[in-house]
Each structure stands twice: as structure tokens, then as C-alpha cells.
Amino acid sequence: MKRFILFLPLILFLVLGAFLYKGLFLNPKAMPSALEGKPVPEFKLLTVTKGDRIVTKADLLGDYYLMNVWATWCPSCKAEHPYLLDIARSGVPIYGINYKDERAEATKWLTTYQDPYKFSAFDVNGELGLNLGVYGAPETFLVDHKGIIRLRYAGVINANSWGSKFVPLINDIKSEIAELAGDSES
Amino acid sequence: MKPLVSMLLGLLIVLSGNAIASSVETYQFSKSEYEVRFQDLNKILRCPKCQNQNLADSNSMISQDLRREVFRLMEEGRSDDQIIEFMVMRYGDFVLYKPKFDGVTYFLWLGPIGFGALGLLILGTVVFRQRNKRNAVITADESSGEHLSSDEQAKLDRILKRDSD
């Protein structure tokens, strides 16, 4: 017992040290997402390119798809844009949410840098953004076949983040869909 | 020269005052109690974009939006709890400056009390032990006959007497 008490400060120090060491590598900006596991919120917005086309949640189609929050005032959005084009070319549907932007600027952006989106909802007041818990741009949501948000990623999508965050989840969703198909056949 | 400087300074102050005033939006509350509740809520809700500012403190775009939303919900007649719930649904527990008391945070809440109790316990044990030890030493002194023998006592008396002479 006496021996143990002698070592108590050392043990406490090691425990504290372990916690603090772990803290060195935490990202204080990483925010736990409140919407993962919840359905996409309802919305009713015009699109950027067609001022008279109204889009709602029912227009988001695909076994799985991405919702990408972007704006012309956001430099990181420009950085991830070429990679979004690559993803779109590979067959993943991407829906844009043009967050608190100006229509003329946004249209110019889409013609100058090409348009990876099926459509971009024109969220000028940020209401859809607010319901999605968006606090900046770029942010990307991965939605599965049931319309449930599986991932919310705040930051630039590049080969690295795409491979480590999105691809494994997309594979999960694909196998879930395959299971469903198998069940209905048997 | 001097009046010119003070005039310029005065102008600067006036202009900066305007700059501050123009960046904070104003709301017309239908009830005066709403304004108090609005201020209180803005103090306890945290700006999701900033690391350590509340809504009242921050002028980021998202804070402006969330303040507008607090105002809107309040005017709709929602209670404080409902408004907080609305924010947590979208932005998670991060928006709360005062963490909720649940499974994840009970260590956070009870930790300090626990550590305080542990400290007191250790302190108490140490003091108690020391006291026991000292008492034991004193009784040992008395019983082990470490008193002076009559010869030694006489010698001591002599020495003391010689000194005082």
C-alpha cells in the first residue's frame, strides 16, 4: 500500500500527460456534426442558373449523392472546384447549394470554371444552410439511398479527404443497396 | 496646430463610432421582455464559426444569421428551451457555452468535485497519520526511561549553577 502511494503522483502525471498529448493532435475546429444520421431537411429554393425553376428535396435523386455548399466569396471553394468536376465526371451526382451569394457572380463562376452540379440551389438567405447546420463554405454532405445524411465534411475536398472520408462510406452505402436488392429478389 | 489635432481626433472618434454602430443590426421587439431574453440567449449561445465567442460578441456572418433566427423564433412565441433545442438540432452541443449534463459530460461536471474530495481525503490521511506518529513518539519517550538519572541530574544542576554565577 505504501509503495503504491509513493507511485501515485507518477501515475497521475502519466495519465494527465497522456490526455494532454492526445490534445496536441485534436483539431479544435472539428465540430461534431448534429445532422449525421438525420434526413435532409425540407427546402424550396430557386436554382442559380434558372431563376424560375423551383427545386425541393424531391429533386435530389440518386442512390447516393453529394450536397456541396459553395459561394463565389469563398476562396477554398475555388480550390476544390476542379476536384468536384472530377468527382462529377466519375458519375457521382453532386447538388450545389449556393450559399449567401449573388446570382450574377454565381452564374459567371459556373460558366467560367464549368459546372459540376446537377443543379445549384440558390440559398441567398442561407435558410437551407442554417437547417443543415452550415457555418461556412465549403461544406459537403454525403446522403444515402434513404435520404439520410451520412457524412458532413467541412473543408476542401481533395484526393486525400475524398479517399479517406467519402469513399469508405460510399462503399458502405453501395453494399447496403446491394443487400436490399438481394433481399427483394429472394 | 493644437486645435487642428483635437479636431481631427474628434472626427476620428465620431467616424469610428459610426463604423461600430453600423455593423450591429437592430431589432424591434414586440415585447420589451423579449429584448432581455434575446440578450441572454445571445450570451449563452456560441458562434459555430468562431472558437470562443458567443453570438452577442461575434459579428461573423453565421452569428448574424443565428441572431436573426433567435429573434424570429422569439417573435414566433417559442420558449428559450425551444430556441436552444433548435440550435442544438442544427449545430450540436457545440453551440452551448454551458454543456449539458449527460453521459458524455458528467466527468466534466463532477470531475472538479471528485478531485477536490480526493485531495481532501489525501490531506486528511496524511495529517491523521502524522499526528498518530507524533503521539506515538511522545509516549515512547516517556516510557523508555530516557530521563536523567540522579547523578546526571546533579551534574546538570552543577553546570547550570556555575553558569549563573
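Each protein sequence line maps, in turn, to chains A and B.
Numbering-wise (our numbering), the first sequence opens with residue 1 and increments by one.
Numbering-wise (our numbering), the second sequence opens with residue 1001 and increments by one.
Beta carbons: idealized from backbone N, C-alpha and C, even for Gly.
Remember, predicted model here, so these are calculated numbers, not experimental data.
Residue j beta carbon less than 8 Å from that of residue i
{"i": "ILE1062(B)", "j": "VAL1070(B)", "result": "no"}
{"i": "GLU80(A)", "j": "ILE157(A)", "result": "yes"}
{"i": "LEU66(A)", "j": "ILE97(A)", "result": "no"}
{"i": "ARG1174(B)", "j": "VAL1104(B)", "result": "The question about residue 1174(B) has no answer, for chain B in this structure spans 1001 to 1165."}
{"i": "PRO1048(B)", "j": "TYR135(A)", "result": "yes"}
{"i": "VAL55(A)", "j": "GLU139(A)", "result": "no"}
{"i": "PHE122(A)", "j": "LEU46(A)", "result": "yes"}
{"i": "ASP1093(B)", "j": "LEU130(A)", "result": "no"}
{"i": "TYR1106(B)", "j": "ILE1044(B)", "result": "no"}
{"i": "ALA71(A)", "j": "TYR99(A)", "result": "yes"}
Residue i classed as buried or exposed, judged by whether at least 16 other C-beta atoms fall within 10 angstroms
{"i": "ILE94(A)", "result": "buried"}
{"i": "PHE119(A)", "result": "buried"}
{"i": "ARG1072(B)", "result": "exposed"}
{"i": "ASP101(A)", "result": "buried"}
{"i": "TRP162(A)", "result": "buried"}
{"i": "VAL1126(B)", "result": "exposed"}
{"i": "PRO168(A)", "result": "exposed"}
{"i": "ASP183(A)", "result": "exposed"}
{"i": "THR107(A)", "result": "buried"}
{"i": "ARG152(A)", "result": "buried"}
{"i": "ARG1067(B)", "result": "buried"}
{"i": "ILE4(A)", "result": "The sequence given here has Phe at residue 4(A), not Ile. Result: exposed."}
{"i": "ILE1113(B)", "result": "exposed"}
Residue i at chain B interface by Cβ criterion, 8 Å
{"i": "GLY62(A)", "result": "no"}
{"i": "LYS100(A)", "result": "yes"}
{"i": "ILE97(A)", "result": "no"}
{"i": "LEU110(A)", "result": "no"}
{"i": "TYR135(A)", "result": "yes"}
{"i": "PRO138(A)", "result": "no"}
{"i": "LEU16(A)", "result": "no"}
{"i": "GLY155(A)", "result": "no"}
Option nearest residue i by Cα separation, candidates the options
{"i": "TRP73(A)", "options": "ALA137(A), PHE25(A), PRO82(A), ALA121(A)", "result": "ALA137(A)"}
{"i": "VAL143(A)", "options": "LEU180(A), GLU105(A), PRO39(A), PHE13(A)", "result": "PRO39(A)"}
{"i": "ASP1080(B)", "options": "LEU1148(B), TYR1034(B), ALA1154(B)", "result": "TYR1034(B)"}
{"i": "ASN125(A)", "options": "HIS145(A), ALA58(A), LYS44(A)", "result": "LYS44(A)"}
{"i": "LEU1055(B)", "options": "LYS1155(B), MET1087(B), GLN1130(B)", "result": "MET1087(B)"}
{"i": "ASN160(A)", "options": "GLU105(A), TYR83(A), ILE177(A)", "result": "TYR83(A)"}
{"i": "MET1074(B)", "options": "PHE1107(B), SER1032(B), ASN1052(B)", "result": "SER1032(B)"}
Proximity test, Cβ basis, 8 Å: residue i and chain A
{"i": "LYS1098(B)", "result": "no"}
{"i": "GLY1092(B)", "result": "yes"}
{"i": "MET1074(B)", "result": "no"}
{"i": "ILE1048(B)", "result": "Per the sequence shown, residue 1048(B) should be read as Pro rather than Ile. Yes, contact with chain A."}
Pairwise C-alpha distance: residue j and residue i
{"i": "LEU132(A)", "j": "ARG1090(B)", "result": "6 Å"}
{"i": "GLU36(A)", "j": "ILE149(A)", "result": "5 Å"}
{"i": "ALA1136(B)", "j": "ILE1122(B)", "result": "21 Å"}
{"i": "TYR64(A)", "j": "PHE141(A)", "result": "10 Å"}
{"i": "ARG1158(B)", "j": "SER1164(B)", "result": "10 Å"}
{"i": "ARG1131(B)", "j": "VAL1036(B)", "result": "57 Å"}
{"i": "ALA2(A)", "j": "GLY1124(B)", "result": "This sequence places Lys at residue 2(A); Ala is not what is there. When rounded, the distance between both Cα atoms is 16 Å."}
{"i": "SER175(A)", "j": "ALA181(A)", "result": "10 Å"}
{"i": "LEU20(A)", "j": "LEU12(A)", "result": "12 Å"}
{"i": "ALA1117(B)", "j": "LEU1108(B)", "result": "15 Å"}
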